[in-house]
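Below is one structure, written out as structure tokens; the observations come after it.
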Amino acid sequence: MNQVDCTIIENRELTRGNFLLTLRVPRQFSKPQPGQFVHLRLSTDGEPLLRRPYSLEGFFERGRIRAIRIYYSVVGRGSRILSMHPKGRELDLIGPLGVGFQISRKKKTSLLVAGGRGVAPLLFLARRLRERKRPHVFLFGAKSKYELYGYRDVRGGRLHLATDDGSVGYHGSVLDLLQREWEEAGHTPDTAEIFTCGPHGLLHAVADFARDRGVRCEASLEGPMACGVGACRGCPIPLRPEHDGAGYPAMCVEGPVYDATAVDWERLP
Amino acid sequence: MNQVDCTIIENRELTRGNFLLTLRVPRQFSKPQPGQFVHLRLSTDGEPLLRRPYSLEGFFERGRIRAIRIYYSVVGRGSRILSMHPKGRELDLIGPLGVGFQISRKKKTSLLVAGGRGVAPLLFLARRLRERKRPHVFLFGAKSKYELYGYRDVRGGRLHLATDDGSVGYHGSVLDLLQREWEEAGHTPDTAEIFTCGPHGLLHAVADFARDRGVRCEASLEGPMACGVGACRGCPIPLRPEHDGAGYPAMCVEGPVYDATAVDWERLP
Amino acid sequence: MTPATKPDLRVRIGSLELRNPVLVASGIIGYGREYERLVNLGAIGGIVTKTVTLRPRAGNPPPRVVETAAGMLNSIGIENPGLEGYHAVKVPILRDLPCARIVSVEGEDVAEFCELVRGVDASGVADAIEVNISCPNVGPHGMRYSTDAGNARDVMTAIRPLTRLPLIAKLTPNVTRIAEIAEACADHGADAVSLVNTFVGMAVDSRTRKPILGTVLGGLSGPAIKPLALAKVWEVVQAVDIPVVGMGGIAKPADALEFLLAGCVAVEIGTAMFADPGLPESCVAGIADYVRGMREHSVDAVIGAMIVPEGRGVIRAGKAQRENARATRAASGGSS
Amino acid sequence: MTPATKPDLRVRIGSLELRNPVLVASGIIGYGREYERLVNLGAIGGIVTKTVTLRPRAGNPPPRVVETAAGMLNSIGIENPGLEGYHAVKVPILRDLPCARIVSVEGEDVAEFCELVRGVDASGVADAIEVNISCPNVGPHGMRYSTDAGNARDVMTAIRPLTRLPLIAKLTPNVTRIAEIAEACADHGADAVSLVNTFVGMAVDSRTRKPILGTVLGGLSGPAIKPLALAKVWEVVQAVDIPVVGMGGIAKPADALEFLLAGCVAVEIGTAMFADPGLPESCVAGIADYVRGMREHSVDAVIGAMIVPEGRGVIRAGKAQRENARATRAASGGSS
Ligand SMILES: Cc1cc2nc3c(=O)[nH]c(=O)nc-3n(C[C@H](O)[C@H](O)[C@H](O)COP(=O)(O)OP(=O)(O)OC[C@H]3O[C@@H](n4cnc5c(N)ncnc54)[C@H](O)[C@@H]3O)c2cc1C
Ligand SMILES: Cc1cc2nc3c(=O)[nH]c(=O)nc-3n(C[C@H](O)[C@H](O)[C@H](O)COP(=O)(O)OP(=O)(O)OC[C@H]3O[C@@H](n4cnc5c(N)ncnc54)[C@H](O)[C@@H]3O)c2cc1C
Ligand SMILES: Cc1cc2nc3c(=O)[nH]c(=O)nc-3n(C[C@H](O)[C@H](O)[C@H](O)COP(=O)(O)O)c2cc1C
Ligand SMILES: Cc1cc2nc3c(=O)[nH]c(=O)nc-3n(C[C@H](O)[C@H](O)[C@H](O)COP(=O)(O)O)c2cc1C
Ligand code: FES
Ligand code: FES
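Taken in sequence, the protein lines are chains A, B, C and D.
Position 40 of the first sequence, counted from 1, bears residue number 65 in this note's numbering, the numbering being contiguous throughout.
Position 71 of the second sequence, counted from 1, bears residue number 96 in this note's numbering, the numbering being contiguous throughout.
Position 112 of the third sequence, counted from 1, bears residue number 113 in this note's numbering, the numbering being contiguous throughout.
Position 271 of the fourth sequence, counted from 1, bears residue number 272 in this note's numbering, the numbering being contiguous throughout.
If you want it as structure tokens, here you go:
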């Protein structure tokens, strides 16, 4: 982890309000793991006051050039400011931060369950799984085909799409895809593990699915952060009662990827 | 006075940190007088919180198009944001506000004493004097020739320049020019009046000059403002002890052009 | 009476019915005249006038305002024409206003408060009186009244018999327990309390090495104080039964809603109006939209509707009144 | 010793000499480890640790932070490993820090404060103790100590005999007269007071109709509170003779200078560090530049150097000490 200045190579609106940001990072930026995030300073005039955390969609090295990608949505003042930064602008970031997805030693099939813009870290993970030649299945649900970002890149494993409006793929929730995949492919806790990222409701449901079946399941969490480095204790992960005594792990250092079956989703903001 | 949306026609950096802003104003924006100002909202996201007052450098009508010009310097966060607004951006302004320069009924020679960017409202005034065929002399001092904005436009009367570094015109203060003009041209309080705008120190000195000689002298004042329309009483003009009882006139409605010899310059912020 | 109809935004402060819960705060809009071309007063609930004192006040030496991070400091010092000037100059202006006129008064002692209340009542144009026992800018006197529950009680007890107009006590936030002062006011005749006035603040210019304001200290207002104002409101709505009027940093309709949800019966718009004179009107529109979004027909459904986590407080302020209003409307079978 | 030489930025808090007046505030940087790759601790005066309580605390339920206009609300709830955890885990970290280590402690009663002070003293790694009698996030206990001068006196009286380390009492701004509490601390053994801790605040999400923080109320920090913090400092520097450590909203070197000019002997950097970990170091640089700009050679020339308008106050805090330091240095004929 380091604080580095990086340069915007591209900051492009892909679909309404959804941007792909490509940043050139210096050598001091160490190689990130899928699921890790960076803490971006969006302006130096104090507005917004705090940095904003963004998961990495990818990390690329070509010759001496290192770049990271972030896939983000405009939801508030910080992301709006970010969306207005032109190519060539320098941005101060701290990263890579947190712990990423842990692929089991034991060879299991990874089921990647992505919802909406939560697809970003899972695309990074899928590339890693492909490099490592690990079997995986990519399940991706979104509101409509316009929100289905990046899936064309998924090449190493099977891909199933779902949309709420039926404009592409299965007409319904990605949760149904998971259920179907689980049953049809005959996965077991011994042969499969789940990695998920997406809206709160989806993660909660996937976590319940996994806990019911005793499957290993990691989710990439989101929540407000201040320092991003474990110092302020502002980003507690609430755990289920049976984990009492573990206190509140800090999302920024013990997460953002965390055992989904341990999280108390009712109490996660 | 009205609140109107206007469109940036041009926002050009003339010399380092000094910009000329041309705004297309709608019909509801009534014809302004030299010395009046507009209260500009520089952003709608609350940063900066308050509007910023700017004197008009000019008002132009060509066919159905009405435009105003502002000559401004980047000194803080508001003006920095203003300087980044591109052509075509809409700006919300309230104006024209305040009282402008009052040319005497009696035909006198107007001595216009400008310091630095304080030249802006005096250029507007000079154009008006020329239209009205009133004799006037334009005295303009600045740090260097790079800060001498707009004087090439001055055509109706005599023009004397001064720079602190001697790069153009008289090497020294515009106050010396005033002194010289006064003596050499043989002006008297009966035949001449002074209009001035510029840095605090210059205005103070010109005011002293005028009071010593009993000359009518109006200065365009600057100071912090909140509402700009006389409601908040945040912009008091401190008056000299002999004017006690007049209270604190509000710079935004009883100024910004005010009798310079009545102002207590020591207490003006 | 489906949610699609125009929602009923009427609220009551004592005997005063406002057409909607959006007021302009004292000191922001003078007596209504200066902003008449910029604000559609016919669309909002009312205005609170600049505070009137017994004698005219020239106000404090300049500079009187300075912008800070998301806020501004002011040290106006209650510049106003005094009670006589009020009668002569301001009453005619107020007479013609197309919204409720709440006249703000501040005395240096109990006797002055009495004289002011009598005078304003007699002027015939006030729909209510805001009793400013909270200004931080007039030295020891204002602060004395503002920070002591006993003084608040003395003032309220003395002025209550002098008028039938609703009395709204305006409180300072610069105290350890604002609820104590609110309780004192409620117990001694206030029809409502309004809060917050400004927080005491200061700024220094490191270039000149001088305090920026002529008075060194001033009052902080604007979005910076909104979280603090809400916390003070939260303390008060749990402590008193009378209606609470909330303010402090409201800069968009959602801010006004935060105060209503937290239990305020109305809000006052201050500093943010200087940038956006249309703000009070857009707050009215935003509140109406919100009521519709809740599929309700009256703003009563919003007031105090915050979902409070178990064991973390109960909103008392204005509850009886709201329930009463609901019942009355149900009985009469309709809204506006 | 011309102004061009490196200015002497050393300041004293009781027996502790800091190499410069810039500290990191409690709760911002943990115990120094988390930020070690981002902050050059060797360049700043010191850090104040996260507050240590007697028993471990898990902290408050989420959400614990929310950004507001130019500020943030937090309700961390003093998450910390307790005194035992401090000894086991944090002492080894503190031992290696290349700057002064000020350990913050908070008890729920006088007895706990005593045990904490004894424990921290015995740990051998503390250069001073910041006595946190001001946290707004731990319910009635913290607030009780923080808002009552009598309690401040009781705590200080009890802990003073237990250690020779400098004791810095950290004050809450959520009181009517902060000077009273500062005086009580000064009179009962505090070597310095530090202020401000956070202001009580609240935010509501109008979409969910819920308070945003899990605890409803939290503490406001950041640039929004700077004017308020300065006003509290201004009250205290006029009331006590001991050094005052100022904080609240410092986000750039000029902000740090405002506090020093107003009479603080040192400053603590808080919230703004989350965005800019280099801020403490740039404040040190900015202060050095300012001393040079004044053509002086010691930061003593800046502390309390604000030009106060006639009759508007006199800075007492740290005066004797500063004059003393000046004399000593003059006698010894040189600075660093
Ligand atoms: C570890 C981590 C990784 C993330 N990765 C991505 C990513 O890859 N792409 C992406 O678009 N976003 C990501 N986010 C969320 C992103 O940080 C927020 O969208 C961003 O902070 C919003 O900032 P803002 O100023 O635009 O919105 P604000 O003005 O701060 O808030 C706007 C709205 O969004 C809500 N909000 C703010 N922050 C969050 C948050 N962290 N989680 C949920 N709701 C929030 C607020 O409550 C508010 O309603 C991630 C968050 C975390 C913690
Ligand atoms: C009636 C009137 C007419 C004006 N006309 C012009 C004009 O034609 N061109 C122009 O460039 N400027 C003009 N000004 C000044 C202009 O309003 C300020 O420069 C502007 O408000 C600064 O805003 P900011 O946010 O950039 O600076 P801030 O961040 O607000 O302040 C930056 C620095 O400038 C100082 N400052 C701020 N406002 C003023 C002020 N009003 N007067 C003096 N110092 C100030 C502050 O103390 C601070 O040191 C005028 C001011 C008034 C009152
Ligand atoms: C310039 C100015 C003048 C004010 N004058 C008064 C006043 O005369 N009487 C009063 O009760 N409050 C006065 N206030 C306080 C406001 O009415 C309001 O309580 C405060 O500004 C907080 O609201 P805001 O943050 O929305 O501005 C004044 C505020 C400002 C900014
Ligand atoms: C996340 C966070 C945690 C804090 N924790 C503590 C604490 O444990 N003890 C304490 O005395 N102050 C604590 N504070 C208060 C700060 O030390 C400081 O007093 C306050 O934030 C004001 O300074 P600032 O505006 O520069 O942040 C905390 C502040 C923040 C933002
Ligand atoms: S954001 Fe500070 S500990 Fe996680
Ligand atoms: S700025 Fe409000 S009265 Fe002049």
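We put the beta carbon where it would ideally sit given N, CA and C, even for glycine.
The structure displayed is predicted, hence computed values, not measured ones.
- For Met26 of chain A, the chain D residues whose C-beta falls within less than 9 Å of its own C-beta are Arg38 and Leu39, listed in chain order.
- Relative to the Cα of Glu107 of chain D, the nearest Cα in the group D:Pro93, D:Thr173 and D:Pro162 belongs to D:Thr173.
- With a cutoff of 7 Å, Arg177 of chain A does not count as near ligand 6, since its C-beta is closer than that to no heavy atom of the ligand.
- Nearest to Ile262 of chain B by alpha-carbon distance, out of B:Ala210, B:Arg37, B:Ala251 and B:Pro281, is B:Pro281.
- Under the Cβ distance rule, Arg293 of chain C does not count among the residues neighbouring chain B, no pair being separated by less than 8 Å.
- The Cβ atoms of Ile77 of chain D and Gly28 of chain D sit closer than 8 Å to each other.
- Within the segment 214 to 250 of chain A, the complete beta strand (DSSP E) segments of 3 residues or longer fall at 217 to 222 and 242 to 245, listed in chain order.
- Nearest C-alpha to Arg94 of chain B among B:Gly181, B:Tyr79, B:Gly259 and B:His225: B:Tyr79.
- Residue range Ala150 to Ile160 is occupied by the alpha helix (DSSP H) that includes Asn152 of chain D.
- Counting only beta-carbon distances shorter than 7 Å to the non-hydrogen atoms of ligand 5, the qualifying residues in chain order are A:Met250, A:Ala251, A:Cys252, A:Gly253, A:Val254, A:Gly255, A:Ala256, A:Cys257, A:Arg258, A:Gly259, A:Cys260, A:Ala275, A:Met276, A:Cys277 and A:Val278.
- Taking CB atoms only, Gly226 of chain A has no neighbour in chain D less than 8 Å away.
- Per DSSP, the continuous beta strand (DSSP E) segment holding Arg37 of chain A begins and ends at Asn27 to Thr40.
- Ranked by Cα distance from Glu82 of chain A, the first of A:Thr221, A:Gly197 and A:Leu46 is A:Leu46.
- For Leu147 of chain A against Leu65 of chain A, the beta-carbon gap comes to about 20 Å, at or over 8 Å, which does not count as contact.
- Within the segment 240 to 279 of chain D, the runs of beta strand (DSSP E) at least 3 residues long that lie entirely inside it are, in chain order, 245 to 248 and 267 to 270.
- Exposed is the label assigned to Asp190 of chain B, since fewer than 16 other Cβ atoms lie within 10 Å of its Cβ.
- In terms of side-chain proximity, the C-beta atom of Tyr97 of chain A is found nearer than 7 Å to a non-hydrogen atom of ligand 1.
- Taking a contact as a CB-CB distance under 8 Å, the pair Ile14 of chain D and Pro244 of chain D counts as one, their CB atoms being some 6 Å apart.
- Ala263 of chain C counts as buried, since at least 16 other C-beta atoms from the protein chains shown sit within 10 angstroms of its C-beta.
- Excluding five sequence positions before and after Ala302 of chain D, the CB atoms of its chain that fall closer than 8 Å to its own CB belong to Val292 and Met295, given in chain order.
- At a cut-off of 8 Å between beta carbons, Asn75 of chain C contacts chain B.
- Pairwise C-beta distances place the segment 79 to 93 of chain C in contact with the segment 50 to 59 of chain C, as three or more of them are shorter than 8 Å.
- Separation of Cys100 of chain D and Val268 of chain D (C-alpha to C-alpha, rounded to the nearest whole angstrom) is 15 Å.
- One thing to note: Glu218 of chain A has its Cβ within 8 Å of the Cβ of Arg241 of chain A.
- Remark: C-beta atoms of Ile270 of chain D and Pro281 of chain D approach each other more closely than 8 Å.
- Non-local beta-carbon contacts of Ala92 of chain B in its own chain, meaning distances under 7 Å to residues more than five positions away in sequence, involve Ile34, Thr47, Leu48, Arg49, Val50 and Phe85 in chain order.
- Remark: the shortest separation between the CB of Ser192 of chain B and any heavy atom of ligand 3 does not fall under 7 Å.
- One finds Arg102 in chain B with Cβ atoms closer than 7 Å to the Cβ of Asp70 of chain A, taken in chain order.
- Secondary structure at Arg265 of chain B: coil, using DSSP grouped into helix, strand and coil.
- Within the chosen limit of 7 Å, ligand 1 does not reach the beta carbon of Gly215 of chain C with any heavy atom.
- Contact between the segment 203 to 211 of chain C and the segment 225 to 238 of chain D is present, with at least three C-beta pairs closer than 8 Å.
- Going by DSSP, Ile134 of chain D is part of no alpha helix (DSSP H) at all; its letter is neither H nor E.
- In the three-state scheme derived from DSSP, where H, G and I count as helix and E and B as strand, Tyr79 of chain B is classed as strand.
- Gly287 of chain D places its beta carbon 8 Å or farther from that of Ala306 of chain D.
- Residue C:Ser299 holds the alpha-carbon nearest to the alpha-carbon of Thr6 of chain C among C:Gly312, C:Gln239 and C:Ser299.
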